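One line per chain: the protein sequences are L and E, in this order. At the far end of the first sequence sits residue 382, using this note's numbering, and the numbering has no gaps. At the far end of the second sequence sits residue 268, using this note's numbering, and the numbering has no gaps. C-beta atoms are modelled at their ideal positions from N, C-alpha and C, and glycine is treated no differently. These figures come from a predicted structure and were not determined experimentally.
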Amino acid sequence: MSENKKFVQGNEACIEGALYAGLDFYAGYPITPSTEIAEILSYRLPRIGGKFIQMEDEIASLCAIIGASLTGRKAMTATSGPGFSLMQEALGYAVMAEIPCVIVDVQRGGPSTGIPTHGSQGDINQARWGTHGDHAIIAMTASTHQDVFAVTVEAFNLAETYRTPVILLFDEVVGHMRERLVIPEPGVIPLVDRLRTSVKKGVDYHPYLPREDGRLPMSDFGGVHRYNVTGLFHDMWGFPSAEPRVVHGLLHHLVDKLENRTNLLARYKEYYLEDAEHLLVSYGSAARSARHVVEKRRLRGEKLGLLELQTLWPFPDTIVREKCAGAKSVIVVEQNMGQIFREVKLAVDEPQKVFLANRIDGVFITPVDIMNIFRIIQGKGV
Amino acid sequence: MAVKDYLRERFFPHMWCPGCGHGMVLNGMLQGIEKLGMSKNEIVMVSGIGCSARISGYVDFHTLHTIHGRALAFATGVKMSLPELNLIVPMGDGDALAIGGNHFIHAARRNIDITAIVMNNRIYGMTGGQFSPLSGPGIRATTAPFTNIDYSFDVVELAKAAGATFVARTTSYHVQQIADLIKKAILHEGFSVVEILSQCPTYFGRKNKAGDAVDMVRWFKNNTTSIGSKAKQENPDLIERGIFLQTERPEYCNEYDKIVETAMGGQR
């Protein structure tokens, strides 16, 4: 067996992706079903000269990685629903101050303590709107360990490119399931390093003055440029401002830098879409069952297709509309009460042809579940 | 370097009320830092939310103005990442010990090399005069119209019990002592806490008929004394000033460096 092939949990695939991307700082707090990420990184990070710290809670964990990121590190934290709830204020800070970092939410059933050891996809809208105030966010997910690895690398790349927190919405099923992972050789997946300012020592550096391409070069804390970082609306110096022009301009910048690039940020996979009459839209662990259904039904000549979303936010509405255009029915398969279903209905031209196939009892949605719902939609009964 | 060279004049005028003690804390703090002769690039100031937290904007260091109560958590990330930097974390009483109380005790427990300054004016100033966990019983505030029944923390005792290895207290009247204590706190290797009693004439003063800023500062002069002084023995009600604790205990980042060394099998 070659060194680069592993039989691992999804949580470990996430770790491998993060380390491949250059993770060198982790702060976290134990919570099921994400804890393996903290446990394994407490061992792996010091072995490569990185840093691991177990904080007093999830609030402190996200705050600590924001601080570390400002010194130039690639930083990550991981949690599950209750901890993700605690992180919402600091998440807004990272959005406002434009601090690259990665937040992993291995979802479990909620609300509240919910059902800690069972899977769910109930945090999709919290990732989008959990922190207060208008803003934009990137949230991604994956259904296989190979893709968990790939989107984790991508999350770090996007965090650096757009100076934004990126949320990875995995779930208990993918997090704890074991399957094969092939780790690519270094260099196979391109990495985005921190864009640092070329402004010399002694010359004014404006931390919040975007370049022509919209990007904001950074300067590491502890380096030659001393500047202010704040969660208040701020001018190009990072100084607080209540000037209407500044407030308006900054909010637009924060939203537009991501929302205007929705198609560019969209990652998805398609299976048998070209002639699909009935199209399943799914993501994360649920997409595994959806894919199984599509492949089995194709063997019988039934024209089913699957659009597997990996970027959930910003929601790729144009792409979803185009892919769904020719389908007789669109069935959204997810493990919540319709969080992406609602987005798909808003995106397509004929919302009446969109149906929800879901399961919310803590049990992983099976291909049989999906087929039963599909038969009901078709008027065939179960 | 003159104290003026540590200020960001672009950021002035400051937003503190006339008579506020926080400017006197800023003065003493910069005098203390000036004596250290450090490069401004070696200093990171992290603050939370409140009147006190605005101090970070006025100084020409690397400055991180964060969210309410969490300054020490952000500072822990910066320090852990780059231990060679000097971290100074000024906080208000509510910021440090109400919403931020958990981070305060855990930073102390770790003995991470950060200097925490509690600018204690016993009131939430920025929101207009609510009682804080340092107000104490009998105090009037906008949320204690019939007087406060909440007992207060003793910052010194709390910091000592939580594991801080340098603990000191002074007041805004004693500017030279502020300079001296902050200098020593920064030089101390480990978690250091300096409580500075500061006056809020606008809210605490008015609500509690404590007079104007001058009266409140005079109160600090007349009601505090050096630790273990004869005056304290004669009048136990006096508040003690000075260094209550200065001790050695392994510092967190140093200990983590040893973990890295072990994990790397001496290959570093």
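When beta bridges are read from the DSSP output, Y124/E appears opposite Q130/E.
One Cα belongs to F204/E, the other to R47/L, and the distance between them is close to 52 Å. In the DSSP assignment, C200/E falls outside any beta strand (DSSP E), carrying neither H nor E.
Against chain E, a Cβ distance below 8 Å from E12/L picks out nothing, because the smallest value is about 18 Å. Look at F374/L here: in three-state DSSP terms it is helix. By alpha-carbon distance to E58/L, the top candidate from A276/L, G114/L and G83/L is G83/L. Under the criterion of beta carbons closer than 8 Å, G57/E and H68/E do not qualify as touching, at roughly 16 Å. When the beta-carbon positions are compared, T71/L and S81/E come within less than 7 Å of each other. Taking a Cβ-Cβ threshold of 9 Å, the residues of chain E close to F25/L are G77, M80 and S81, in chain order. With fewer than three CB-CB distances shorter than 8 Å, the region 11-30 of chain L does not count as touching the region 38-51 of chain E. Within chain E, not a single residue places a beta-carbon under 8 Å from that of V330/L; the smallest gap is close to 41 Å. Around Q177/E, the same chain offers T170 as residues with beta carbons nearer than 6 Å, after the five sequence neighbours per side are excluded. Using beta-carbon distances, A287/L does not count as an interface residue toward chain E, since no partner is under 7 Å. Using a Cβ distance threshold of 7 Å, H135/L and E179/L do not count as a contacting pair. Cβ proximity to chain E below 7 Å picks out P46 and R47 from the region 37-48 of chain L.
Between V151/L and L312/L, the alpha-carbon positions lie close to 12 Å from each other.
Rounded to whole angstroms, the Cβ separation of V89/E and I117/E is 7 Å, and the two are in contact under 8 Å.
Against chain E, the beta carbon of C324/L has no neighbour under 9 Å; the closest one sits roughly 41 Å away. Closest in C-alpha terms to F146/E, from the list A73/E, F131/E, D212/E and I99/E, comes F131/E. For the pair L195/L and R249/E, the Cα-to-Cα distance works out to about 39 Å. By DSSP's assignment, V59/E forms a beta bridge with L7/E. Separation of G122/L and G110/L (C-alpha to C-alpha, rounded to the nearest whole angstrom) is 7 Å. For the region 220-252 of chain L, the residues whose beta carbon sits under 8 Å from a beta carbon of chain E are, in order, F221, G222, G223, V224, R226, Y227, N228, V229, T230, G231, L232, W237, F239 and P240. Cβ-Cβ separation between V217/E and Q199/E: approximately 6 Å, consistent with a contact (criterion under 8 Å). Note that the C-beta distance between A155/L and M177/L is not below 7 Å.
Contact between P33/L and T117/L holds, since their C-beta atoms are separated by about 7 Å, short of 8 Å.
Counting other Cβ atoms within 10 Å of its Cβ, T113/L stays below 16 and is therefore classed as exposed. G101/E and I33/E have their C-alpha atoms some 26 Å from each other. Just so you know, the alpha carbons of P18/E and R163/L end up roughly 39 Å apart.
Residues I139 and R140 of the same chain have their beta carbon placed closer than 8 Å to that of N208/E, with the five preceding and five following residues left out of the count. The C-beta distance from I99/L to S69/L rounds to 5 Å, short enough to meet the 8 Å contact threshold.
Per DSSP, L216/L lies in no alpha helix (DSSP H) segment and is marked neither H nor E. For the 7 Å CB-CB criterion, A286/L and I365/L form a contact. For G81/L, the closest of G50/L, F170/L, L232/L and E39/L by C-alpha to C-alpha distance is F170/L. For T152/L, the enclosing alpha helix (DSSP H) starts and ends at H145 to Y162.
Each of C324/L, H252/L and D220/L was checked against the Cα of L346/L, and the nearest Cα belongs to C324/L.
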